[in-house]
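Structure first, commentary second.
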Amino acid sequence: MLDQKVVQLLNQQVNKEFYSAYLYLDFSNFFYDQGLEGFGKWYLVQAQEERDHAMLFIQYMQNNGERAVLETIDKPAISPENAKEVLAEGLKHERYVTSLIHNIYDTAHSVKDFRTMQFLDWFVKEQGEEETNADSLVKRFELFGDDPKSLYMLDSELGSRIYTAPSLVL
Ligand code: MG
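Numbering (the working numbering) for the sequence shown: 4 to 173.
This is the structure in structure tokens:
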């Protein structure tokens, strides 16, 4: 049986991951609207990954006899004015998600819930990658965003991102 504090945080994370998917879908729509279809595709794939994360939390709860309660997903709170702002918000959001994962880990640790800690290990690593990717996008846009040719090439590169299901098997 899982500790109820842990259950509450896992359940909350389901909503946070769906919110991330919603936010990145909004980002994707922004970029498609701007004609930056590669960036749009990149964030569309990112949205798919976030939905997968939510599903993994639901499945982990199910595997431990807990039913996830689905709450209202907030409207994306950010209305960025330009591409640079979108990417900066993406990095900020991933840092926030990392703090949420770490908080669940910390809570699981405090009640000696080693099973949940092991489940979260994948997410701790994943968040490291998410932050690196988001940071790289910010930096590359700063370097190349003002030059149309370079921006075209960056957009083309990002457009080649292909969705793959998460490597974590529960
Ligand atoms: Mg996520």
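We put the beta carbon where it would ideally sit given N, CA and C, even for glycine.
Owing to the predicted nature of the structure, the values given are computational and were not obtained by experimental measurement.
About 7 Å separates the beta carbon of residue 59 from that of residue 169, a gap short enough to meet the 8 Å contact definition. Residue nearest to residue 147 within the set 110, 157 and 106 is 157 (criterion: CA-CA distance). Taking all protein chains in view, the Cβ of residue 23 is crowded by 16 or more other Cβ atoms within 10 Å, so the residue is classified as buried.
Going by beta carbons, residue 50 and residue 28 fall inside the 8 Å limit. Each residue's CA atom was taken as its position, placing residue 71 and residue 38 some 38 Å apart. Taken through DSSP and simplified to helix, strand or coil, residue 79 comes out as coil.
Comparing alpha-carbon positions, the option among 14, 91, 164 and 36 lying closest to residue 68 turns out to be 14. Note that the C-beta distance between residue 141 and residue 104 is not below 8 Å. Excluding its 5 nearest sequence neighbours in each direction, residue 31 has C-beta neighbours in its own chain below 7 Å: 43, 46, 47 and 50, listed in chain order. Residue 19 and residue 129 have their alpha carbons spaced roughly 15 Å apart.
Within its own chain, the residues whose Cβ lies closer than 6 Å to the Cβ of residue 34, once the five positions on either side in sequence are excluded, are 42 and 43, listed in chain order. Residue burial is scored here from C-beta neighbours: residue 165 has fewer than 16 other C-beta atoms within 10 angstroms and is therefore classed as exposed. In the displayed model, residue 166 falls within coil according to three-state DSSP, outside both helix and strand. In the three-state scheme derived from DSSP, where H, G and I count as helix and E and B as strand, residue 13 is classed as helix.
With 16 or more other Cβ atoms inside 10 Å of its own Cβ, residue 10 counts as buried.
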